[in-house]
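Counting along the sequence shown from 1, when you hit position 32 you're at 963 in the working numbering, and nothing is skipped either side. Every residue, glycine too, gets a C-beta built ideally from N, C-alpha and C. Working notes, beginning with the structure itself.
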Amino acid sequence: MNNSRIACSLLILLFISSLGLSPAAHSISANSNKSARTMITSQIETPIAIGSNPELAQLSTAGVGTRSDPYIIEGKVISAVNCIYIHDTTAFFVIRDSEFTYTPNELAIIGSAVVRFDRVEHGTIENCYVRGGDISIEIRASTDCTIRDCFAIDSYAGILTDSSDNCTIIDCSIFGNTIGARIFSSDSCNIINNSIYSNNQYGVHVYAFCENNIIFGNMIGWNGVHNAVDDGDNTEFTDSVSIGNEWSDFNSSAVYSIQGSGSSIDPYATKLTDETRPVVLGHYDLVIDVESNGETLTWTANDTFPSHYQIYVNDELVEDSAWDGRDIEFSLDELGLGTHTIDLNVTDGAGNVGRDIVVVSVISFILGGIGTELVMVASGITVACFVIILLLVKRFA
């Protein structure tokens, strides 16, 4: 009987000691910072197609369609092949404070425009973020239209005016495209006070048979082949008084000549320079649970000429994308057990690089982070001891 009691006592002691293998609660977890611009599904709306003044009035939230009180369409978040298509209208309207992105994230359909005005008079798009597509913003067969304070990035043509007259592109950021701004079969258009840079071929291209277009006050630089090409007639790269453009390839000892058959010059050209690398707010090293979902790294970075970023995991490139100046978010869900080095490189238009390196340790919180092998050994010893004690109980019972 005493032996049975001893055996039972050993069983209880073994059970209590096995509890000691259970980990204490961990207080270290991934940073839960999220981008301030993270969208939720309910925010994303369906594409907008408008083909008459009454339809404009129906979909607007304010205004009466006059120059002094235009129709207002605002606060839209749309992801589609064609997000906005407005055609055959004459009323004054403004689309503003919205975000339009080409989806799916595949090679853009040739001729697709994320935002398109077709046979429109008096249309304006203002303070909008437009990304992707074959064309980000297209003004076709239209007059008196304005693109103001918009982002047009990550497409073949950032902004295109096609067979359109008296249109203005002003205060926009146009980068990460094949061609930044294209003026095609259009007359008397203005490109004023824009940042046009880091486009793969040309910053600005004025095609043949375009007349009397004016381009001044812009920062044009670091475009792949030429900063500008002018094949048009009577294109002016000045306000005709004292303002020209800033060019990254300007040599102050010579007159700045524009490439192309138009034989244009910028008599008031100045040098565009940027020797300041992007500022990246560093991230703390992290410890996360291998079973967790939705963990991310979020970096805030700033620069006058944001261009693109790359993310390496353990020296392997896993993400390469246009950077629009907003927060950069990277999912940690695919990381396996172990220690991983996450290397962010942020590059601006001039080629300056900002960098941050974060070490992320992925462990099993259930196992206390002590290592799978050690836990398996401890479990094996526990089972062996349990069997031995059962045999002792049976032997002395």
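(Q) Please identify the residue among Pro1198, Asn1144 and Ser1192 whose C-alpha is closest to the C-alpha of Ser1184. (A) Pro1198
(Q) Taking its Cβ as the centre, do 16 or more other Cβ atoms sit within 10 Å of Tyr1215, making it buried, or is it exposed? (A) exposed
**Q.** Pro985 in three-state terms, based on DSSP
**A.** helix
Q. Nearest chain C C-beta to Glu1167 closer than 8 Å, yes or no?
A. Among the chains of the structure shown, chain C does not appear; only one protein chain is present.
Q | Alpha-carbon to alpha-carbon, Ile1297 and Ser1129 | A | 48 Å
Q: Round the Cβ separation of Thr992 and Ile1004 to the nearest angstrom and send it over; I've been treating them as touching at under 8 Å.
A: 7 Å
Q. Nearest-angstrom Cα distance between Leu1263 and Val1277?
A. 19 Å
Q.
Does Arg1062 pass the burial test, meaning 16 or more other C-beta atoms within 10 Å, or should it be called exposed?
A. buried
Q: Determine the extent of the beta strand (DSSP E) in which Ser1262 is found, giving its start and end residues.
A: Ile1259 to Ser1262
Q | Limits of the beta strand (DSSP E) - the one that Ser1067 falls within | A | Ile1066 to Arg1071
Q: Within its chain, find whatever has a CB closer than 8 Å to the CB of Tyr1138; leave out the 5 residues flanking it on each side and keep chain order.
A: Arg1113, Ile1114, Phe1115, Ser1116, Asp1162 and Gly1163
Q | Contact check, Glu1339 vs Lys1202, beta carbons under 8 Å | A | Nothing can be reported for residue 1339, as the shown portion of the chain is limited to 932 through 1328.
Q. Do you know how far the Cα of Gly982 is from the Cα of Ala967?
A. Reliability fails at Ala967, whose pLDDT of 35 lies under 50, so the model's placement of it is uncertain and the value that follows must be treated cautiously. Cα to Cα, the separation comes out at about 35 Å.
Q) What three-state label does DSSP hand Leu1212 in the structure shown? A) coil
Q: Grab the span of the beta strand (DSSP E) containing Ser1104 for me, first residue to last.
A: Ser1104 to Phe1106
Q: Identify which residue in Gly1006, Asn1013, Ile975 and Phe1023 has its Cα closest to the Cα of Glu986.
A: Phe1023
**Q.** Exposure label - Val1135; buried when at least 16 CB within 10 Å
**A.** buried
Q. Does the beta-carbon distance from Val1244 to Ile1294 come in below 8 Å?
A. no
Q: Would you identify the three-state DSSP class for Leu1091, choosing helix, strand or coil?
A: strand
Q) Does the separation of the CB atoms of Cys1120 and Asn1097 fall below 8 Å? A) yes
Q. With burial defined as no fewer than 16 other Cβ atoms inside 10 Å of the residue's Cβ, what is the status of Asp1251: buried or exposed?
A. exposed
(Q) Between Asn1058 and Asp1085, how many whole angstroms is the CB-CB distance? I'm expecting something under 8 Å. (A) 18 Å between Cβ atoms; not a contact.
Q) What number of angstroms, rounded off, separates the C-alpha of Ala1281 from the C-alpha of Asn984? A) 44 Å
Q | Strand pairing of Arg901, partner residues [DSSP] | A | In the structure displayed, the chain extends from 932 to 1328; residue 901 sits before or after that span and is not available.
Q.
For Asp1049, count the other beta carbons within 10 Å of its own beta carbon; 16 or more makes it buried, fewer makes it exposed. Which is it?
A. buried
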